[in-house]
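Position 202, counted from 1, in the sequence shown is what the numbering used here calls 681; the numbers after and before it change by one each time, with no gaps. Notes follow the structure.
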Amino acid sequence: MKIKPLLHYSLFILGLAFALPTAQANAACENKRMVVLGDSLVAGYGLAPGQGFPEQLGLKLAEEGYKLEVVNAGVSGDTTSGGLSRLDWSVGDNADVVVLELGANDALRGIPVEVTRQNLDEMISTLKAKETKIILAGMLAPPNMGRQYGDAFNSIYPDLAEKHEIQLYPFFLDGVAAEPTLNLEDGIHPNPAGIGLMVERFLPVLEEVLAEVCG
């Protein structure tokens, strides 16, 4: 007669057994620091304070029980050259994780692909030398740049991720690009709902990295 209550109790204990290691791992991220280095897509162009990608990501991580500092190092209009020149002071020496999101403005300005590739390569090498975990956020060239430029540009991110053996998030605007309801009136920058979707899709990739950093 008491089988069902006993079963419910057993399931509760089993669930607790799985939840505790996760909660402990999340809490272990305390005093860890993550920097999101990027352009206007990170800086929160056109959004109210607290609505940008790093801020929404930080709130989501807090909901999941992670205790780590999330820093917004986005500069609107920045290129990979700009990111490289400010890398040291934007990231500092104590970042445990860096999300590297740069290159969109390079493509919009038609900057030679090899320049973009070299800048990202150097940034990754510098961060790796500091034993910083890196998530490379990929970008796609706009169609108006032509197929030759687009193919060369789009290959930068998977090539560098493979070369340096770092985590790749293939397309930072996945699910949001060209979706009118998820972008501001300019059709380029995500609105708060778009940022929310980006965070939702990005989180599983980030959690893989945090498991290594905080585990």
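All C-beta atoms, glycine included, are put in the ideal place defined by N, C-alpha and C. Just so it is clear, the structure is predicted and the values come from calculations on it, not from any experiment.
Inter-residue CB distance, Asn598 and Thr559 (contact presumed, cutoff 8 angstroms): What you label residue 598 is simply residue 119 of the sequence shown in a count that begins at 1. What you label residue 559 is simply residue 80 of the sequence shown in a count that begins at 1. The pair is a contact, with the Cβ atoms about 4 angstroms apart (cut-off 8 angstroms).
Paired residues, beta bridge with Ala552 - DSSP: To locate residue 552, count along the sequence shown from 1; it is residue 73. Its beta-bridge partners are Leu516.
Three-way DSSP call (helix, strand, coil) for Val678 in this model: By one-based count along the sequence shown, residue 678 stands at place 199. Note: Val678 maps to helix in three-state DSSP.
Neighbourhood of Ala527 by C-beta distance below 6 angstroms, restricted to the same chain and skipping five residues each side: Here residue 527 refers to the residue found at position 48 of the sequence shown. Hits under 6 angstroms: none found.
Rounded distance between the beta-carbons of Val692 and Met677, thought under 8 angstroms: What you label residue 677 is simply residue 198 of the sequence shown in a count that begins at 1. What you label residue 692 is simply residue 213 of the sequence shown in a count that begins at 1. Wrong, their Cβ atoms sit about 21 angstroms apart, outside the cutoff.
Cutoff 7 angstroms; reference Gly535; Cβ partners in own chain excluding five residues on either side: Taking the sequence shown and counting its residues from 1, the one referred to as residue 535 is at position 56. Gly is not the amino acid found at residue 535; the sequence shown has Gln there. Taken in chain order, the residues that qualify are Ile674, Gly675 and Val678.
Which of helix, strand or coil DSSP assigns to Pro669: As a working note, residue 669 is residue 190 in the sequence shown. Residue state, collapsed to three classes: strand.
Chain-order list of residues whose beta-carbon lies under 6 angstroms from that of Val594 (same chain, five-residue window excluded): Within the sequence shown, numbered from 1, the residue matching residue 594 stands at position 115. Hits under 6 angstroms: none found.
Where the beta strand (DSSP E) through Ala616 begins and ends: Looking up residue 616 in the sequence shown gives position 137. Start and end: Lys612 to Ala616.
Proximity to Lys609 [Cα-Cα], best of Ala586, Tyr524 and Asp575: Position 130 of the sequence shown, counting from 1, holds the residue named residue 609. Cα-wise, what sits closest to Lys609 is Asp575.
At least three beta-carbon pairs within less than 8 angstroms, the stretch 564 to 582 to the stretch 606 to 620: yes
Chain-order list of residues whose beta-carbon lies under 8 angstroms from that of Lys642 (same chain, five-residue window excluded): Taking the first residue of the sequence shown as 1, we reach residue 642 at position 163. Excluding positions up to five away in sequence, the list reads Asp600.
The stretch 661 to 669 / the stretch 624 to 632 touching (three or more Cβ pairs under 8 angstroms): no
Continuous alpha helix (DSSP H) assignments of at least 4 residues falling wholly in the stretch 532 to 608: 532 to 542, 559 to 564, 566 to 570, 583 to 588 and 592 to 608
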